[in-house]
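Peer 1: Before anything else, here's the structure in question.
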Amino acid sequence: MSAVKMSAVKIEVELPRDLVAALNVDPSELGLRAREWILLELFQEGIISSGKAAEVLGMTKSAFLQLLDLHGLAYLDASLDDLERQQEVAMSAVEGRRGAS
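Quick note on my numbering: the sequence shown kicks off at 843 and runs consecutively.
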């Protein structure tokens, strides 16, 4: 999947050489890795969707989900209690529609 052409802003980040070395990333891949890290963070913060992150990175949503897994990040950030509450709300809404018909 190729990257979608969109309006972009180029940023420059200055880091000490020893920090760059500690990242254990080939310097030629540093820009790509920085984009990945930023998009992973934006996704985790709920600022962008997984689909948008995948689009910006020029990958499929499935590949982005694999990237999340590679970094030990969860796709869903909800507890079992949260999911059960959401299910109860959804079931109540369905029952309400049935009763209104």
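Heads up, the beta-carbon is just placed ideally off N, CA and C, and yes, glycines get one too.
Alpha carbon to alpha carbon, how far is L912 from L861?
Peer 2: Sequence index remark: in the sequence shown, residue 912 carries index 70 (1-based). Sequence index remark: in the sequence shown, residue 861 carries index 19 (1-based). In a straight line, the C-alpha of L912 is about 22 Å away from that of L861.
Peer 1: Evaluate V851 with the Cβ neighbour count: other Cβ atoms within 10 Å of its Cβ, from every protein chain shown; 16 or more gives buried, anything less gives exposed.
Peer 2: Against the sequence shown, residue 851 aligns to sequence position 9. Flag for V851 reads exposed.
Peer 1: Look at the Cβ atom of A905, then the Cβ atom of A896, and state whether they are nearer than 9 Å.
Peer 2: The count along the sequence shown starts at 1 and reaches residue 905 at position 63. The count along the sequence shown starts at 1 and reaches residue 896 at position 54. Yes, the pair counts as a contact, with Cβ atoms nearer than the cut-off.
Peer 1: When burial is assigned at 16 or more other CB atoms within 10 Å of the CB, is L925 buried or exposed?
Peer 2: For the purposes of this step, residue 925 is taken as residue 83 along the sequence shown, with counting starting at 1. So L925 ends up on the exposed side.
Peer 1: What does the alpha-carbon distance come out to for the pair M901 and E887?
Peer 2: Along the sequence shown, one-based indexing puts residue 901 at 59. Along the sequence shown, one-based indexing puts residue 887 at 45. Cα to Cα, M901 sits roughly 20 Å from E887.
Peer 1: What's the call for V931, buried or exposed, on a 16-neighbour Cβ count within 10 Å?
Peer 2: As a first step, residue 931 is located in the sequence shown; it is residue number 89 there, counting from the start. V931 is exposed by the Cβ-count criterion.
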